[in-house]
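Student:
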Amino acid sequence: MLMSVMDIFETMEYGPAPEAAAPALAWLKERQPFGLFINNQWLRPEGDRYQTSVNPATGKVLAQVTAASSADVDAAVAAAREAFQSWGKTPGHVRARHLYAIARHLQKHARLLSVLESLDNGKPIRETRDLDIPLVARHFYYHAGWAQLMTSELPGYAPVGVVGQIIPWNFHLLMLAWKIAPALAMGNTVVLKPASYTPLTALKFAEIVEEIGLPPGVVNIITGSAATVGEALVRHPDVNKIAFTGSTEVGRTIRRATAGSGKKLSLELGGKSPFIVFDDADLDSVVEGVVDAIWFNQGEVCCAGSRLLVQENVAERLTAKLRARMERMRVGDPLDKAIDMGAIVSSAQLETIQQLVAQGVAEGAQLWQPSWRCPTDGWFYPPTLLTDVSPATTVAQVEIFGPVLVSMTFRTPAEAVALANNTPYGLAASVWSENINLALDIAPKLKVGTVWINSTNVFDASSGFGGYRESGYGREGGKEGLYEYVHPVWEQRASISKVSTDEIPIAKSAEVTDQVANGQSEQAGLVVSSDMLSFDLNVVANGGAQNEKYGTSDGDTAALPAIDRTPKLFIKGKQVRPDSGYSRNVYAPDGRTIGQVGEGNRKDIRNAVEAAHAASGWANTSAHNRAQILYYIAENLAVRADEFVRRLVQQTGCLHADALKEVQTALSRLFSYAAWTDKYEGSVHRPPMRGVVLALPEPIGVMGIACPDEHPLLGFISLVAPALAMGNTVIAIPSSQAPLSATDLYQVLETSDVPAGVVNIVTGDREALSQVLAEHDDVDAMWYFGNTDGARRVELASAGNMKRTWVSYGHRRDWLDNVQGEGQDFLRAATQVKNIWIPYGE
Ligand code: NAP
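Note that our numbering has the sequence shown beginning at 2, numbered continuously upward.
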């Protein structure tokens with residue numbers, strides 16, 4: 002029969018196009034059982050401590066790898082520590098050459114790595130070959146550049162030391178690259194634990210480390226179980242940082258396990274990312290987008306577009322198109338170049354997917370799967386669509402981590418945003434519309450770390466990746482990712498002289514009097530006359546009011562008591578009485594009572610958090626306006642500078658010159674953050690596509706800030722001002738010992754156009770109130786500058802909603818110093834970077 006070309010196209014079945022497995026299998030056979038890679042040597046354990054790695058497409062064992070013990074973890078950490086002595090000081094150019102060599106060798110072994118990854122994980126060779134491995138090499142090239150530039154681009158920063166890195170199985174080598182490349186570029190050494198399901202590419206990577214002659218101990222790779230190797234690494238006292246990628250549940254456990262240890266922590270966790278389709282979107286492009294969003298990598302993707310949110314009037318049309326496309330998808334041998342989806346990583350993962358889908362159906366969802374059958378040799382699952390899903394059901398909330406798309410509808414853009422944000426996660430989102438105005442209006446409203454406009458699941462080393470909310474914190478990639486692997490140089494000094502914040506430097510009262518008696522004091526522009534400073538400590542006890550003489554009817558004069566001024570709490574722009582009805586005394590250094598402040602409690606914190614949420618519009622006010630308000634606070638504070646100086650002397654007993662310096666520095670600091678408000682703006686990346694990526698620092702949201710005891714005014718301003726500058730709203734707990742400098746600010750705030758609820762101040766027991774804030778699920782970040790134990794408690798409690806924390810562990814910071822007391826470290830901690838991908842062109 003004669004066939005036309007059209008007939009051939011329509012009837013032609015794909016033939017299999019398998020990639021050869023033989024070279025990878027030969028490589029495995031030659032090397033297994035694999036030892037542990039420590040100090041550039043392959044160490045074999047005594048006895049039979051091995052675990053197997055299995056091909057999920059066949060269920061057959063691929064290789065045996067060592068199951069390390071906690072003693073092996075000790076050995077690997079010791080090797081990394083030893084290597085850090087020199088690697089941490091190795092010039093950037095030398096590190097750059099090593100990273101460059103790794104990238105080149107990854108490319109030389111690209112096909113072997115692609116095949117190994119597909120065999121071990123079950124993902125299609127098309128994806129490992131064209132996406133995973135090229136991106137892995139790109140990460141090392143990109144970070145070779147940062148190693149070269151570190152000295153000039155990150156002056157004042159040093160590597161953190163030994164880093165423990167733990168990675169998942171879904172993009173195994175890529176996750177390894179995202180972790181090892183920046184760590185090495187910044188001068189750290191590494192102990193990496195691969196995922197137990199997919200250790201093989203990490204072991205090939207170890208061979209590359211050997212091959213390029215990286216100094217021994219710089220990279221150590223130890224296979225083994227989560228319970229032994231993972232936990233030992235997390236708890237190891239000689240590890241300075243943990244970088245983890247995996248599930249939110251394990252991330253939470255790690256947050257708790259590291260609380261109070263002083264380890265830096267970055268967590269790249271799970272997601273339930275929305276894929277939002279407006280009615281003006283190009284639906285044929287949308288269908289291909291959905292394929293890439295949820296059926297890429299069998300849906301085992303942290304940022305998979307697993308929730309399809311469609312505008313109601315196009316939902317039916319889109320569903321029909323999707324079903325037609327699903328019917329033509331191919332699931333099969335991962336090494337077949339013509340398949341769309343490979344195997345699910347394990348039988349356990351397959352069971353989880355099956356159970357969740359069954360639960361979705363039980364909860365009312367409509368199930369649709371293609372008519373064809375999946376292979377039965379290994380662990381396969383077909384592309385699946387659940388419609389009629391209601392937003393509160395399990396399948397709409399829980400990460401399924403499989404090829405299952407749940408679909409919901411919306412009517413208005415506002416409804417789309419509300420639905421999109423209706424999970425505890427915040428990893429990524431995709432927005433589809435031909436109206437760029439609409440898409441760019443929606444992007445900032447989504448509480449996620451990455452937004453792809455008319456695209457999905459695209460990545461590049463130049464653009465940081467990471468989550469909001471329970472999807473974790475920290476970024477991998479981009480310049481922002483580098484800060485996860487460094488710390489300010491001065492912090493090293495602080496950690497040596499660890500002090501309790503209970504020790505506030507206190508000058509003797511005699512010194513204070515002498516100083517005051519010395520008359521006029523001038524310090525760099527702020528002139529305070531002796532008149533302004535001559536005061537009686539007893540008078541100041543009543544809030545600074547001077548006693549007056551009161552004329553009596555018989556012509557005599559009598560002393561008039563000062564009008565009592567007892568500060569309340571400051572919530573929602575108003576001074577309110579504490580719920581407890583109790584006050585706490587504030588004492589001078591010599592033990593005399595100098596005033597009282599409200600004893601805030603749990604309910605006051607709750608009210609303050611509510612007020613801070615209601616003021617969230619602050620984030621959307623223009624940077625110019627926020628700057629104006631910070632300048633205005635400075636202006637109003639300056640008018641009352643003398644009063645604040647007196648208050649500092651009175652509360653802390655410091656020398657008046659020091660108090661003066663504190664007030665003056667606080668004013669300068671307000672100016673600094675007013676200045677930064679419209680200058681800390683982010684950047685534009687040009688990844689390899691037609692388009693741009695906007696990297697925008699966004700406010701974190703509602704922040705709790707527990708202020709230090711030392712420098713009660715400057716400490717408060719130094720923490721609250723950057724948070725406000727970046728658009729956050731704040732609940733501040735002033736110094737417990739010297740809260741009056743903060744309560745004196747109420748009137749300054751009231752007269753400076755600060756919108757109600759943007760700053761809330763709750764006085765009381767800093768430790769108890771910090772605990773309440775750290776436990777509060779509607780607080781997005783918690784800064785704590787108090788003692789070591791408080792830092793631990795805050796970090797521990799923060800795991801509830803994975804709030805961002807920044808704690809001082811009792812280390813003294815010199816608030817008067819502009820390097821330690823202000824700058825971009827504060828701005829970085831007050832923001833999280835959102836990357837918005839904007840492709841363009843017809
Ligand atoms: P997982 O169960 O959390 O495991 C991740 C890694 O942590 C594995 O190496 C695991 O070891 C180890 N581990 C487990 N429990 C541990 C513990 N208590 N202490 C120390 N280490 C422990 O996650 P997974 O199932 O491998 O990966 C899927 C998850 O990763 C999904 O939630 C996905 O969204 C997330 N993910 C996130 C990103 C991101 O960038 N945000 C990227 C990829 C994946 P074993 O393998 O030995 O169990």
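For each residue, glycine too, the CB sits at the ideal point set by N, CA and C.
Could you tell me if the beta carbon of Ser286 falls within a distance shorter than 6 angstroms of some heavy atom in ligand 1?
Tutor: No - ligand 1 has no heavy atom lying nearer than 6 angstroms to the Cβ of Ser286.
Student: Below 8 angstroms on the Cβ atoms is my guess for Gly467 versus Tyr474; work out the distance and round it to an integer in Å.
Tutor: Correct: roughly 7 angstroms between the Cβ atoms.
Student: Would you say the beta carbon of Ile167 comes nearer than 6 angstroms to a heavy atom of ligand 1?
Tutor: Under cutoff, so the answer is yes.
Student: Which one or two residues does DSSP pair with Ser584 in a beta bridge?
Tutor: Gly599.
Student: In terms of alpha-carbon separation, which member of Val78, Ser87, Ala22 lies closest to Asn56?
Tutor: When only C-alpha atoms are compared, the closest one is Ala22.
Student: Going by beta-carbon coordinates alone, are Ile277 and Val432 separated by less than 7 angstroms?
Tutor: The answer is yes: Cβ separation under 7 angstroms.
Student: Are there 16 or more other CB atoms within 10 angstroms of the CB of Val362, so buried, or fewer, so exposed?
Tutor: Exposed: under 16 other Cβ atoms inside 10 Å.
Student: On the DSSP letters alone, give me the boundaries of the beta strand (DSSP E) that Ile39 sits inside.
Tutor: Start and end: 37-39.
Student: Expressed to the nearest angstrom, what Euclidean distance is found between the alpha-carbon atoms of Val610 and Asn802?
Tutor: Those two C-alpha atoms are separated by around 15 angstroms.
Student: Near Ala430, which residues of its chain fall below 7 angstroms by C-beta distance, leaving aside the five closest residues on each side in sequence?
Tutor: Within the same chain, Ala430 has close Cβ partners Ser274, Pro275, Ile277, Ala421, Leu447, Val449, Val452.
Student: How is Ser267 classed by DSSP in three states: helix, strand or coil?
Tutor: It is a strand residue.
Student: Is Thr224 helix, strand or coil by DSSP?
Tutor: If DSSP states are grouped into helix, strand and coil, Thr224 belongs with coil.
Student: Give a yes or no on contact between the stretch 581-595 and the stretch 776-789, applying the rule of three or more CB pairs nearer than 8 angstroms.
Tutor: Not touching, per the Cβ criterion.
Student: At the level of alpha carbons, what is the spacing between Lys692 and Tyr841?
Tutor: As written in the sequence, residue 692 is Gly, which differs from the Lys given in the question. The alpha-carbon atoms of Gly692 and Tyr841 are separated by roughly 5 angstroms.
Student: Please identify the residue among Glu768, Glu843, Phe35 whose C-alpha is closest to the C-alpha of Gly705.
Tutor: Measuring from the Cα of Gly705, the nearest candidate turns out to be Glu768.
Student: So within the stretch 262-349, which uninterrupted alpha helix (DSSP H) runs reach at least 4 residues, ignoring any that extend past its ends?
Tutor: For the stretch 262-349, whole alpha helix (DSSP H) runs of length 4 or above, ordered along the chain, are 284-295, 313-328.
Student: Below 7 angstroms CB to CB, which residues in the same chain sit around Ala233 once its five sequence neighbours on both sides are set aside?
Tutor: Within the same chain, Ala233 has close Cβ partners Ser71, Val74.
Student: How far does the beta strand (DSSP E) with Leu175 in it extend, from its first residue to its last?
Tutor: Taken as a continuous stretch (DSSP letters only), Leu175 belongs to no beta strand (DSSP E), being part of the alpha helix (DSSP H) at 173-186.
Student: Cβ of Pro620 versus every heavy atom of ligand 1: is any distance shorter than 6 angstroms?
Tutor: Residue identity differs from the one stated: residue 620 is Ala in this sequence, not Pro. Because no heavy atom of ligand 1 lies under 6 angstroms away, the Cβ of Ala620 does not count as near it: no.
Student: Check the C-beta distance from Arg257 over to Ala800 and give it rounded, since I have them as a contact under 8 angstroms.
Tutor: About 5 angstroms separates the two Cβ atoms, so the contact holds.
Student: Measuring straight from C-alpha to C-alpha, what distance separates Ala397 and Val407?
Tutor: About 7 angstroms.
Student: Indicate whether Leu715 and Glu796 have their beta-carbon atoms separated by less than 7 angstroms.
Tutor: No. Outside cutoff.
Student: Nearest to Val210 by CA position, among His106, Ser119, Glu154, is which residue?
Tutor: Out of His106, Ser119, Glu154, His106 has the C-alpha closest to the C-alpha of Val210.
Student: Is DSSP giving Gln166 helix, strand or coil here?
Tutor: Three-state DSSP puts Gln166 in a strand.
Student: Looking only at DSSP bridge pairs, what is Phe717 linked to?
Tutor: Answer is none; Phe717 lacks a bridge partner.
Student: Does the Cβ-Cβ distance between Thr388 and Glu313 come in under 7 angstroms?
Tutor: No; because the gap between Cβ atoms is not below 7 angstroms, this pair is not in contact.
Student: Check for me: the beta strand (DSSP E) holding Asn56 runs from which residue to which?
Tutor: 51-56 is the span of the beta strand (DSSP E), which, as asked, contains Asn56.
Student: Using a threshold of 6 angstroms, is the CB atom of Gly475 nearer than that to any non-hydrogen atom of ligand 1?
Tutor: For ligand 1, not one heavy atom lies less than 6 angstroms from the Cβ of Gly475.
Student: Could you have a look at Val74 and say whether DSSP puts it in helix, strand or coil?
Tutor: Helix.
Student: Give every residue of the same chain whose Cβ lies closer than 7 angstroms to the Cβ of Ser347, excluding the five residues on either side of it in the sequence, and list them in chain order.
Tutor: Once the five neighbours on either side are set aside, the close Cβ partners of Ser347 are Pro57, Tyr198, Trp380.
Student: Using DSSP with H/G/I as helix, E/B as strand and the rest coil, what is Val161?
Tutor: Of the three classes helix, strand and coil, the one that applies to Val161 here is coil, per DSSP.
Student: Report the three-state DSSP secondary structure of His812 (helix, strand or coil).
Tutor: Three-state DSSP puts His812 in coil, outside helix and strand.
Student: Leaving out five residues before and five after Ala444 in sequence, what residues of the same chain have Cβ atoms less than 6 angstroms from its Cβ?
Tutor: Excluding positions up to five away in sequence, the list reads Val452, Ile837.
Student: Grab the span of the beta strand (DSSP E) containing Gly692 for me, first residue to last.
Tutor: First-last of the beta strand (DSSP E) with Gly692: 692-700.
Student: Can you tell me whether DSSP reads Val513 as helix, strand or coil?
Tutor: For Val513, the predicted structure reports a pLDDT of 32, less than 50, and the residue's modelled location is therefore unreliable. The matter cannot be settled from this model.
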